[in-house]
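The structure appears right after this line, and notes come after that.
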Amino acid sequence: MKILKLMFKNAMRHKLRSLLTALGIAIAIFAFSLLRTVIDAYFTGVNSSSSTRLVTRNRVSLAFSMPLAYEAKIAKVPGVTGVSIGQWFGGTYIDQKNFFAQFAVEPEKFLKLYPEYVLTEKEKADFFQQRNACIVGAKL
């Protein structure tokens with residue numbers, strides 16, 4: 000107990016120095032946390048994706064599709080087991096503030112390439128039959 004009292008008294012001798020030291024430590028912790036968060040967010044997609052899957056897109060933007068002839072060319076590349084086309088569109092849900100990534104896909108090909116999407120047989124059948132069907136994750 001005596002040591003804590005001594006530390007507190009010594010810290011209060013030079014209040015500005017103690018304040019600046021505490022502020023410097025707080026800024027360093029904040030900067031480290033912010034950088035770790037940014038780095039983790041940057042690599043989240045890479046770490047959670049399959050190492051056997053490669054996604055290609057138009058170099059300009061997701062909104063611009065690649066030529067359909069590329070599907071056959073990509074399918075002929077050695078080692079490629081499947082090709083699926085996906086088209087991004089900027090839809091919203093109910094309100095303009097509810098924007099999220101949405102892709103129109105070929106259902107059968109898409110589910111073969113993404114086996115981690117677990118659907119019941121009824122859900123698969125509905126997804127295959129209905130043109131306006133969608134798969135929505137639990138977090139959304």
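Under numbering that gives the first Met the number 0, the first residue of the sequence shown carries the number 0, and numbering increases by one thereafter.
No residue lacks a Cβ here, since even glycine has one placed at the ideal position from N, Cα and C.
Note: D94 is bridge-paired with Y92 in the DSSP secondary-structure output. Per the coordinates, the alpha-carbon of G85 lies some 15 Å from the alpha-carbon of F99.
Secondary structure note for A103: its beta strand (DSSP E) is the uninterrupted segment 102-104. Sequence-distant Cβ neighbours of F126 in its own chain, meaning closer than 6 Å and more than five residues away, are P106, A132. DSSP places Q129 in the coil class of the three-state scheme, outside both helix and strand. If you draw a straight line from the Cα of N46 to the Cα of A40, it is about 10 Å long. Counting only unbroken stretches of 4 or more residues, the alpha helix (DSSP H) elements lying wholly within the region 23-91 are 68-74, in sequence order. A direct Cα-Cα distance of roughly 16 Å separates K4 from K14.
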